[in-house]
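**Q** Numbering (our numbering), first residue to last: 1 to 56. Heads up, the beta-carbon is just placed ideally off N, CA and C, and yes, glycines get one too. Predicted, not measured: the structure shown is a model, and the values here were computed from it.
(1) Looking at the unbroken alpha helix (DSSP H) that takes in residue 42, where does it start and where does it end?
(2) Please report the straight-line C-alpha distance between residue 49 and residue 40, rounded to a whole angstrom.
(3) How many Å lie between residue 12 and residue 37 at the Cα?
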């Protein structure tokens, strides 16, 4: 039996739940990626600021 066959045997409600869970996971992944980008960017900017010439 193929994985696709198993998907066809479940109810519409279960399919909806699977779709909702996949969307939630995608959103979580997107938020994690954005958070990592924000951390890297803020760290980079902080390092740049600390190394730059300060105005007296």
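**A** Once the coordinates are examined:
(1) 12-51
(2) 14 Å
(3) 37 Å
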